[in-house]
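Remarks on the structure that follows.
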Amino acid sequence: MGGSSYIELPAYIDRKRATINPQNVDRNCFKWAILARHVTGTAVCRVGQNYMQHEDKYNFDGITFPTPISDITKFEKNNLNVSINVYGLDKKFQIPKLHYTATHHLSHQTPPSEQRPF
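Offset between the sequence shown (1-based) and the numbering used here: plus 1.
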């Protein structure tokens, strides 16, 4: 299993405002989800220059797009201050954990004052 392009979320998940799901037309969904924390303004849900201007903040070397789950550990090794957890949604509406980081970084947590709905 791996990431791909934008997929509209079921309404009951989208209404929770607890997901990162930028609208993109390429296969770089993982990259845009990572960069989303730096994007501000009125078009935070749509990928464009507002996202691309932040690409140099992380090391994406060796990461393939669309990104398989196995590349997430590689991304975390390339970016030692980043920890990533990935959850999925199966057909029974259960939320299985697909990747859970081995390390947790306090500096990577988004303070409540910086959180914004998607």
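Where is the CB? At the ideal position from N, CA and C, for every residue including glycine.
Limits of the alpha helix (DSSP H) - the one that residue i falls within
i     : result
Asn22 : Here Asn22 belongs to no alpha helix (DSSP H), and DSSP marks it neither H nor E.
Asn86 : Looking at the DSSP string, Asn86 is not in any alpha helix (DSSP H); the run it does join, the beta strand (DSSP E), is 86-88.
Tyr13 : 12-15
Residue i and residue j closer than 7 Å at C-beta
i      : j     : result
Thr102 : Asn86 : yes
Arg28  : Ser6  : yes
Thr68  : Ser84 : no
Val45  : Asn25 : no
Gly40  : Asn22 : The question names Gly, yet the displayed sequence has Val at residue 40. Contact: no.
Leu36  : His55 : yes
Ile64  : Asp72 : yes
Close Cβ partners of residue i (< 8 Å) along its chain, the five nearest in sequence each way excluded
i     : result
Phe61 : Lys32, Phe76, Asn79
Gly42 : Asn51
Beta-carbon contacts of residue i that lie in its chain and below 6 Å, excluding the five residues immediately before and after
i     : result
Lys17 : none
Chain-order list of residues whose beta-carbon lies under 7 Å from that of residue i (same chain, five-residue window excluded)
i     : result
Ala34 : Ile21, Pro23
Next on the checklist: Suppose only complete runs of 4+ residues qualify. What are the alpha helix (DSSP H) ranges in the segment 28-87, listed by chain order?
Outcome noted: 30-36, 50-53, 71-79
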